[in-house]
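Participant: Quick one: the structure is below, questions incoming.
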Amino acid sequence: FLGQHGGRTLLLAESPGRRETMLEFFAEYDFRPPTCASYEEFVRGSAAVMLGVGPLHDGFILPAASLAIVTENELYAAQARTRRERDTRRATPEGLLRDLSEVRPGDPVVHEQHGIGRYLGLQNMDLGEGETEFLTLEYAGGDKLYVPVSSLHLISRYSGAAPGEAPLHQLGSGQWDKAKKKAARQVRDTAAELLALYARRAAREGYSFTVQQHDYEAFSEGFPFEETLDQGAAINATLEDLKSGKPMDRLICGDVGFGKTEVALRAAFVAVADGKQVAVLVPTTLLVEQHFNTFSDRFADWPVKIAELSRFRSARESAEALAGLAAGRVDIAIGTHKLLARDVRFKNLGLVIIDEEHRFGVRQKERLKALRAEVDVLTLTATPIPRTLAMSLEGLRDFSVISTAPQRRLAIKTFVSKYSKSLIREAVLRELKRGGQIYFLHNDIDSIEHAAETLARLLPEARLHIAHGQMRERDLEHVMRDFYQQRFNLLLCTTIIETGIDVPSANTIIINRSDKFGLAQLHQLRGRVGRSHHQAYAYLLLPEEGQVTAQARKRLEAIQMMEELGSGFFLAMHDLEIRGAGEVLGESQSGEMQEVGFNLYCAMLDAAVRSLKEGREPDLAAPLGVTTEINLHAPALLPADYCSDIHERLVLYKRLANCADEDELTALREELVDRFGPLPDPARALLDSHRLRILGKPLGVTRIDATDSAILLQFVPAPPIEPARVLKLVQSRRNYRLGGPDKLRIEATLPDVKSRVAAIRDVFAELA
């Protein structure tokens, strides 16, 4: 087109960052068009082709002025589109976690080669080649380690024990290597055990469900709300799993009331329509009833028999339900862990749905583990247990996050304050005035009667009842039903309501001694309110006097920060860090995990799982992947006058270090230009060194040192390069020399960073 069009042409990029990328792309073909800041500047100019920025999708031609506008979209249609798709793909659970590089000065971090130290901040230093920014880490005995920002991929945030109790290592003492070796042995066993379980499942042919499209659509129509995007995605992923013929094991993680149950209902429908039975496992008797009602409502127009197994059913009803399951007359059974009992026989079980798995005991979890190898399993959870979270991160389980709130749902307003009678009275009266109901949580059965008297004196207007776990089961059931039917408006209770029934008109919760609860639990309790479109309130009360531990304070801060809906996933992550990662893979590993930190432990586990999958014994002594040390003998940093916020710089450095391929790096560079403006030279050098790190990794390059007169490359022992190719290069090029078995030296005149980077890329191309 450019050849045929006689006039001038303006090429338009989507954003300043994209313009930089296009300039680089053109430069590879020796085409360097000048840039212009506006259309007027282009019209005034004389160059045949200029490059600008504009939000146009399609270009056009002005024949009278003989000017043509060509957009980036038209230049390389596929590329711009894939880039946008990649941006949307970036919000993966793994990405969310790695970018949580919320490290503050004083926090413990793990250096892959030196162990656990405390991060003190960023510091500029000039080692004779211009300024570079370093992370300062403090180790046991006050020793300091300075890490250049280009090596940030070696550093991860430490989570394992509470930040104040992290075991700092001594530099050069061998302590860290010992800890790593011990953890590596443990990792290998864990990996083998996990893989055995998943291999059994993968090798076993599962049942391939067929979806009766017409009936399924009719059933879906019965969903009274509009599906959110995430919910639609979770439903589709689940259906694909059911159709696939491999046993499904999917974890649906979504905040309380975000429509996880609908995913379960659709899956259950598909299973039942295909002649299979469904078991729904829930942790409490009250929940059994709620699920029974929900399922009965949604399946009212369909010939589906649903039974509930719980203590609330008489012996005769239970016996009937059990006989129905064995004979195949019952399609869906909903119950507590009773469903796992040995005497429960299914005629044709096809799908197990587990609600809030972390509330089941160890024995039941073991039973569930065995089930997983036999049938399709769908797990619903509002706060993923660290153990399942870690496994889903390792890609061993499929994972759907529903993080979009249904329309018209408001976030719960959360207040943390000292215990005060006037505050309690004000909060309760406000709720009563709008005809709502209140939960008052007092988690101490011995003093709950006393609390009831205090509240009755304070709030004569309220109708008050008590609910706790030591009441007779029938009485408790009675109280909860009355509350649900709005026969009274203030429920004084213990954590028995944690996975309680939905009471849409209860929109205020007051939690006494909130410092005594874990994060996941607080989140769960807070989720009992705000189930409708009314504004809900949560008051977390602290003791009037007496110490609140630092950890409890952190938890309360975290939950206040997480006011947005859909924060359950991050909460689990946070909880993992505050609580110490004991649960992650069961109790036995918590010691090793504390020694090396959760992130590194997961990376080691990931590496072990991968090599066992490929049939290799994991090399426990080898460092994780190749780490490349790069020195271009020029300042490589994000200057403070370019990005002034220290914390923001740290996050960007970490994101750069985590870039695994050139596409990610290009996208991040475009983001930098769009946010902060054109890249200064030191920032360019920093990006170049990361690009070289990415390109050198598959060649086994461990060190690149480029000065104005030579390039030195160092490789891992036995690098993945054909020795014949290296020898041929050295023989045919006079400036190539071997410096020992793992070093290659290239002599050349390289006055600036640009020429050094280009020369190194050429060498890589010849070696690849």
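Just so we're on the same page, the working numbering is the position in the sequence shown counted from 1, plus 78. Just so you know, even glycine gets a beta-carbon here, dropped at the ideal spot from N, CA and C.
What alpha helix (DSSP H) runs, 4 residues minimum, are completely inside the region 605-641?
Facilitator: Listed in chain order, they are 628-639.
Participant: Could you pull the start and end residues of the alpha helix (DSSP H) that D560 belongs to?
Facilitator: It spans 551-562 - the alpha helix (DSSP H) in which D560 sits, taken as one unbroken run.
Participant: Check whether the Cβ atoms of A763 and Y720 sit closer than 8 angstroms, and answer yes or no.
Facilitator: In this structure, Y720 does not lie closer than 8 angstroms to A763 by Cβ.
Participant: State the DSSP-derived secondary structure class of E665, mapped to helix, strand or coil.
Facilitator: Confidence is the limiting factor: at E665 the pLDDT is only 44, short of 50, which leaves the residue's position unreliable, though a coordinate-based value still follows. Helix.
Participant: Tell me which same chain residues have a C-beta within less than 7 angstroms of the C-beta of A529, skipping the five on either side of it?
Facilitator: Excluding positions up to five away in sequence, the list reads H520, L570.
Participant: Taking DSSP as the reference, what is the three-state secondary structure of G693?
Facilitator: Note: G693 maps to coil in three-state DSSP.
Participant: Evaluate the contact criterion for the region 610-617 versus the region 484-503: three or more CB pairs, one atom per stretch, below 8 angstroms.
Facilitator: Result yes; three or more Cβ-Cβ pairs closer than 8 angstroms.
Participant: Quick check on DSSP: helix, strand or coil for A126?
Facilitator: The answer is coil: DSSP assigns A126 none of H, G, I, E or B.
Participant: Where does the unbroken alpha helix (DSSP H) through A738 begin, and where does it stop?
Facilitator: From DSSP, A738 is part of no alpha helix (DSSP H); its letter is neither H nor E.
Participant: My output table needs one value for M203: the three-state DSSP class, helix, strand or coil.
Facilitator: Three-state result, M203: strand.
Participant: Any chance the region 766-785 sits against the region 807-814, with 3 or more Cβ pairs inside 8 angstroms?
Facilitator: No, the region 766-785 is not in contact with the region 807-814.
Participant: Tell me the DSSP secondary structure of Q368 in three-state form.
Facilitator: Looking at Q368 - three-state DSSP - the assignment turns out to be helix.
Participant: I believe P111 touches L129 by the beta-carbon criterion, under 8 angstroms. Please report the beta-carbon distance rounded to the nearest angstrom.
Facilitator: Confirmed, about 5 angstroms.
Participant: Since I772 is in the alpha helix (DSSP H), which residue starts that stretch and which ends it?
Facilitator: Segment 759-774, the alpha helix (DSSP H) holding I772.
Participant: Return the residue from the list G335, D319, A281 that minimises the CA-CA distance to R328.
Facilitator: That would be D319, whose Cα lies nearest to the Cα of R328.
Participant: When you compare each of L364, K324, A143, L568 to I587 by their alpha carbons, which one comes out closest?
Facilitator: Among L364, K324, A143, L568, the Cα nearest to that of I587 is on L568.
Participant: Note down, in chain order, each residue of its chain lying with its Cβ closer than 8 angstroms to the Cβ of T706, except the 5 sequence neighbours on either side.
Facilitator: Taken in chain order, the residues that qualify are L770, R771, G774, K775, V779, T780, R781, I782.
Participant: Out of A385, E800, I147, which has the shortest C-alpha to C-alpha gap to V131?
Facilitator: Here the closest residue by C-alpha is I147.
Participant: Let me check one thing: in DSSP terms, what residues is A545 bridge-paired to?
Facilitator: According to DSSP, which records beta bridges pairwise, A545 is partnered with C571.
Participant: With H, G and I counted as helix, E and B as strand and the rest as coil, what does DSSP make of K383?
Facilitator: Correct three-state label for K383: coil.
Participant: Can you list, in chain order, the residues of its chain with a C-beta nearer than 7 angstroms to that of T210? Leave out the 5 residues immediately preceding and following it.
Facilitator: Counting only Cβ-Cβ distances below 7 angstroms, and skipping sequence neighbours, we find M203, P226, P713, A714, L715.
Participant: Measure the alpha-carbon distance for V187 versus F212 and round it to whole angstroms.
Facilitator: Taking the straight line joining both Cα atoms gives about 14 angstroms.
Participant: Judging by CA-CA distance, which residue of A349, I410, E295 is the nearest neighbour of S286?
Facilitator: Cα-wise, what sits closest to S286 is A349.
Participant: By alpha-carbon positions, which one of A505, Q264, Q82, E207 ends up nearest to V674?
Facilitator: With distances taken between Cα atoms, V674 lies closest to Q264.
Participant: To the nearest angstrom, how far is the alpha carbon of E243 from that of D684?
Facilitator: Distance between the alpha carbons of E243 and D684 is about 26 angstroms.
Participant: So, for R541: in the same chain, excluding its five sequence neighbours on each side, which residues have a beta-carbon less than 6 angstroms away from its beta-carbon?
Facilitator: Around R541: F566, N567.
Participant: Report all residues from its chain with a CB closer than 8 angstroms to the CB of G95; omit the five preceding and five following residues, and keep chain order.
Facilitator: Taken in chain order, the residues that qualify are R747, E748, E749, L750, V751, D752.
Participant: Going by the DSSP bridge assignment, what does A314 pair with across the sheet?
Facilitator: For clarity, residue 314 is Asn in the given sequence; the question names Ala instead. In the DSSP output, where bridge partners are listed per residue, N314 has none listed.
Participant: Find the nearest neighbour of A826 within the set K354, R812, V422, judged by alpha-carbon distance.
Facilitator: Of K354, R812, V422, the residue nearest in Cα terms is R812.
Participant: Are the CB atoms of L215 and Y197 within a distance shorter than 8 angstroms?
Facilitator: Yes. Within cutoff.
Participant: Taking just the CA atoms, how far does H292 sit from A405?
Facilitator: Rounded to the nearest angstrom, the two C-alpha atoms are 28 angstroms apart.
Participant: Leaving out five residues on either side along the sequence, give the residues of the same chain with a beta carbon under 6 angstroms from the beta carbon of D476.
Facilitator: Result list for D476: R328, in chain order.
Participant: Note down the Cα distance separating A385 from K732, rounded to an integer number of angstroms.
Facilitator: Rounded to the nearest angstrom, the two C-alpha atoms are 53 angstroms apart.
Participant: Closest to L307 by C-alpha separation, out of M326, F336, K321, F297, would be which residue?
Facilitator: If we check each option's Cα against that of L307, F336 comes out closest.
Participant: According to DSSP, is P186 helix, strand or coil?
Facilitator: Three-state result, P186: strand.
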